[in-house]
Amino acid sequence: MRLTRTPTLLSVLLPLTLAAPPPWPFTNTTTSAVDKSSSDTLSSDTTSSDTPPSDTTTIPTNETDITNTTLSSSLSGGPYICNCAYPSDLTVMNSRYPDYAHHLHAAHRFFMLRRQTPALGEIATRVQFTSLPPKSSNTTCRLEFIVPSPSTQVISGANPSFNVWSVVRPAGERANWDTYEGYKDDTKLFGVANGEQAALERIRANGGVAALGEDPCAETMTWQMGMRFDGPEKPNY
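Shown next as C-alpha cells:
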C-alpha cells in the first residue's frame, strides 16, 4: 500500500499459505519492484488434494521483523521508503458453519479459499492488520501477497481466481460466514488475483511478491477474500 503525501510506504504482507516458513527472505535491502499489473497475480495448476496445511508455522511479527526497503512500483510511483507489517489475524470463514464463534480448525496462520457450487458450500478468508499508522499520518498501505513455493501450496480447480474486498471491521472482531460481504453489490472490490500459471511464475522470477492494491492507512485494516467462480466439476481451491 502507498502514501499520498509523504515518501513513506507500508506494505502489509500476506503469505498465501503458511505450511512452511515464507520462501522469500525478508532482509534489509534496497530493491526495485517489478511492474505488478493486473495480470501478474497469483495462480497455480497444482492438483494436490484440498487438505489444508497444519497451523504450526511461526511467522514474523510487526515487532520483530520490520523490513525497510526502497520500492518503485507502477501502483503509485516512487521510490518510497517502505516498512513491512504482517497480519494480526487470518480467519477462515465457512458457509457450512455460518455463525461459528471460533477459528475453524483452530487455525490462525493459513489462508484458504474454496468454491464449488452454492449448495456444496464455500470457504473464504478474513485477514486483518492492526497497529498500523493512523489516517492522519498520510501513509499509504499496499496489500501484497508472498507467493508460496510450489512445495508449500495447494491450488486446484479450473479457474482458481479470487477477489479481494476491503471491509471495515473493529480490531479483533469475530469473523465468520455471517460477516462475509463478498456477495454484496456494494462491497468495495480491492483487487483480483487470477489463476494463470504464467502470472505466478513471473512473480516468482521477480522476487516472489505480488501487489494487490493500496489505500490510505488506518490503524486497523481488514480484507475478505473469496473465489470468483463456481467449480461445478471440481472445486476451485
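Read in order, the letters of the sequence shown correspond to residues -19 to -1, 1 to 218 in mature numbering (1 follows the signal peptide of the UniProt record, and there is no 0).
Ideal Cβ placement from N, Cα and C applies to all residues, glycine included.
Cβ shell of D211 (< 7 Å), same chain only, five flanking positions each side left out: Hits under 7 Å: R96, Q97, T98.
Applying the 10 Å Cβ sphere with the 16-neighbour rule, what's the burial state of P141? By the Cβ neighbour-count rule, P141 is buried, with 16 or more other Cβ atoms within 10 Å of its own.
Proximity winner among G153, P216, R183, N119, relative to D196 (alpha-carbon distances): Comparing Cα-Cα distances from D196 to each of G153, P216, R183, N119, the minimum goes to N119.
Is the Cβ of A174 closer than 8 Å to any Cβ of chain D? The structure shown contains no chain D; it is built from a single protein chain.
Can you check whether the CB of M206 is closer than 8 Å to the CB of T133? For T133 and M206, no; Cβs fall outside 8 Å.
Test item: CB-CB of T168 and V148 under 8 Å: Between T168 and V148, the C-beta spacing is below 8 Å.
When M202, K116, C63, Q178 are compared against P129, the one with the closest alpha-carbon: Per the Cα distances, Q178.
Along the alpha helix (DSSP H) that carries L181, what are the first and last residues, could you check? Run containing L181: 178 to 186, per the alpha helix (DSSP H) assignment.
Candidates E103, S69, D70, A82, of which the one nearest E162 by Cα: Among E103, S69, D70, A82, the Cα nearest to that of E162 is on E103.
Taking the alpha carbon of T72 as the reference point, which residue from C65, M93, V173, C63 has its own alpha carbon closest? Check the Cα spacing between T72 and each of C65, M93, V173, C63: the tightest is with M93.
Terminal residues of the beta strand (DSSP E) in which D196 lies: In the DSSP annotation of this structure, the continuous segment of the beta strand (DSSP E) that includes D196 starts and ends at 190 to 197.
Rounded to a whole number of angstroms, what is the C-alpha to C-alpha distance between M208 and K215? In this structure, the straight-line span from the alpha carbon of M208 to that of K215 is close to 13 Å.
Close beta carbons around S117, own chain, < 8 Å, minus the five adjacent residues each side: So no residue of the chain qualifies.
Residues near A156 by beta carbon distance below 7 Å, same chain, minus five either side: Leaving aside the five residues that flank A156 on each side, the residues in its chain whose CB is nearer than 7 Å to its CB run, in chain order, T72, M74, R107.
Which value, in whole angstroms, describes the spacing of the CA atoms of I136 and A174? I136 and A174: Cα-Cα distance of roughly 13 Å.
Which class does T98 belong to by DSSP, given the choice of helix, strand or coil? Three-state result, T98: coil.
Considering only residues of the same chain and omitting the five flanking positions on each side of G138, which have a CB-CB separation below 7 Å? Cβ within range, chain order: G212, K215, P216, N217, Y218.
Count the other C-beta atoms from every protein chain shown that fall within 10 angstroms of the C-beta of F193, then say buried if there are 16 or more, exposed otherwise. The sequence shown places Leu at residue 193, not Phe. It counts as buried.
Candidates D159, F91, F171, P131: which alpha carbon is nearest Y78's? If you compare the alpha carbons of D159, F91, F171, P131 with that of Y78, the shortest gap goes to D159.
Return helix, strand or coil for T160, following the three-state DSSP convention. When secondary structure is reduced to three states using DSSP, T160 falls in the helix class.
When A180, S112, Y164 are compared against C65, the one with the closest alpha-carbon: Cα-wise, what sits closest to C65 is S112.
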